Amino acid sequence: MPPGQQIPEIFRDFFEQRRQPERNAYSMGSGFIISDDGYVLTNNHVVEGASEITVRLIDRREFDAKVIGTDPRSDLALIKIDADDLPEARLAKPDDLKVGEWVVAIGSPFGLDYSVSAGIVSAIGRSLPTERGENYVPFIQSDVAINPGNSGGPLLNMDGEVVGINSQIYTRSGGSIGLSFSIPVSVALEVVEQLKTQGKVVRGWLGVYIQDVDRDLAKSLSLAKPHGALIAQVMPASPAAKSGLEPGDVIIRFNDRAIEESGDLPHQVGLMKPGETAEAVLIRDGDRRVIKVEVGALPEDEQAAAAVEAGGDVLGLSVQPLDDETTASMGIPGGVVVESVAPRSAASRAGLRPGDVIVQLGNRRITGIDDYRVVTGKIPKGQPVLMRFVRQGQFIFRTIEVER
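Per our numbering, the sequence shown starts with residue 1252, numbered consecutively.
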């Protein structure tokens, strides 16, 4: 068609791309009123990124809500509606819940408002590291049917008291298979208090790399049984370093709470306020010791600090130096060996496994822990970084990328 000639109306649909109307995206979740003046508790992922939030009550009244504060690390959000004399949910006393106890969940699964499902508590204090390797919530596991739309709704005991906030499920089908996880009310109470007063949550931080104690480690560390959080590394100038904690210490109690698994430690530390002091009961060189620990503040913008408390670093790895005998037998000048890989972390996505030996990150050769710490401390986010490692005698190149 000659330039400038008008397209006949009848053919215009074939030559001109129709402009598609913009569509608004909607999501649905649950929540519950925690005070009669309109404060509502729900999940962070229910309101995250929302430009408008509407709260509909059981009597069909609807209110516009504003976000008071959110806490992605616990997946909690506090919102408020402009109303008074509202019926409020009763919160259970923390730590009263027992395994085997009957509980019910209320929510809107698949948009079916005010649905109730029942089951029993399967486990308490379950550790579920996030995609960032964080582990600050001791989840309640139950077999209550939780489905999309239940998020943020209450988990209630048989007295009608809220014991948890429904947060996530484990499923292969997209629907409930009897593995649901709720945030305990003890975590919610602390989060709500901070969100109300300062709009954000500040957590305690030690600055240690930790790992579980297996049977062989327990024997070598003179422990009666495998338990506790083994400190693999202490960050320089961290609260742990200032308190006198050392690599090789096994923390078995923290602030009067037993530490059975390594994941129990960040649960307890995260609940503390920066500047508070706790007693750490530990085993060092076979002897039981008590050390006073002043907790610091978890850096808000330092992903590595959060991952450290969960047993990994910014890549989601827990690593150890190689001994001279191993480096000689492998024919390499040095490196660090992977001890554990956090689920859904950058390292997991890159396919790293325990036992792999990292010898290069970016353009820098990794000869030991110091090299590794320097490189991971400066690793860019959202950009693939070259990595070289040894697996079963074979050198392998891959890229690793830390999410933004």
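Glycine is no exception: its CB is placed at the ideal position from the N, C-alpha and C atoms.
The structure presented is a predicted model; accordingly, all values stated were derived computationally and were not measured.
Taking the C-beta atoms as reference points, Ala1340 is found nearer than 8 Å to Val1413. Closest in alpha carbon position to Gly1426, among Glu1652, Phe1361, Val1570, is Phe1361. Here the alpha carbons of Thr1321 and Gly1300 stand approximately 11 Å from one another. By the beta-carbon neighbour count (other beta carbons within 10 angstroms, threshold 16), Ile1428 is exposed. The Cβ atoms of Leu1406 and Ile1391 sit closer than 8 Å to each other.
In the three-state scheme derived from DSSP, where H, G and I count as helix and E and B as strand, Lys1632 is classed as strand. In the three-state reduction of the DSSP assignment, Tyr1623 falls in the helix class. Rounded to whole angstroms, the separation of the alpha carbons of Gly1537 and Thr1528 is 25 Å. For Gly1415, the enclosing beta strand (DSSP E) starts and ends at 1413-1420.
Between Gly1499 and Arg1540, the CB-CB gap reaches or exceeds 8 Å. Beta-bridge analysis with DSSP links Lys1470 to no other residue.
Using a Cβ-Cβ distance cut-off of 8 Å, the region 1431-1438 and the region 1452-1468 are not in contact, since fewer than three pairs of beta carbons, one from each stretch, lie closer than that value.
Leu1603 sits away from Leu1573, with the two beta carbons spaced by 8 Å or more.
Counted as a single uninterrupted DSSP element, the beta strand (DSSP E) harbouring Glu1545 occupies residues 1538-1545. Non-local C-beta neighbours of Arg1307 in its own chain, meaning closer than 7 Å and more than five positions away in sequence, comprise Glu1313, ordered along the chain. Counting only runs that start and end inside the region 1479-1541, the beta strand (DSSP E) elements of at least 3 residues fall at 1480-1485, 1501-1505, 1528-1535. Within the region 1352-1416, the runs of beta strand (DSSP E) at least 3 residues long that lie entirely inside it are, in chain order, 1353-1358, 1366-1378, 1389-1393, 1405-1407. By the neighbour-count definition (other C-beta atoms within 10 Å, threshold 16), Ala1491 is a buried residue. Boundaries of the alpha helix (DSSP H) harbouring Leu1440: 1436-1449, taken from the DSSP string. Comparing alpha-carbon positions, the option among Arg1324, Met1279, Ser1359, Gln1445 lying closest to Pro1389 turns out to be Arg1324.
Note that the C-beta distance between Gly1582 and Thr1618 is not below 8 Å.
Taking C-beta separations shorter than 6 Å and ignoring five residues to either side along the sequence, the partners of Ser1513 in its chain run Ile1461, Gln1462, Asp1463, Ala1480, Gly1562, following chain order. The beta carbon of Ser1359 sits closer than 8 Å to those of Met1279, Gly1280, Ser1281, Tyr1365, Ser1366, Gly1400, Asn1401, Gly1404, all from its chain and outside the five residues before and after it, given in chain order. In this structure Val1641 is not in contact with Ala1597, their Cβ atoms being roughly 19 Å apart against a cut-off of 8 Å. Closest in C-alpha terms to Met1409, from the list Ser1599, Trp1353, Lys1543, comes Trp1353. Ile1620 and Asp1564 have their C-alpha atoms roughly 12 Å apart. Counting along the chain, the unbroken alpha helix (DSSP H) around Glu1576 starts and ends at 1575-1581.
Leu1337 places its beta carbon less than 8 Å from that of Gly1289. Separation of Glu1530 and Leu1496 (C-alpha to C-alpha, rounded to the nearest whole angstrom) is 12 Å. A distance below 8 Å between beta-carbons, with the five flanking residues on each side excluded, links His1518 to the following residues of its chain, in chain order: Gly1376, Ser1378, Asn1386, Tyr1387, Val1388, Pro1389. A distance of 8 Å or more separates the beta carbons of Met1486 and Val1520. At a Cβ-Cβ threshold of 8 Å, Gly1370 and Asp1394 count as neighbours.
Distance from the CA of Ala1579 to the CA of Val1610, rounded to the nearest whole angstrom, comes to 14 Å.
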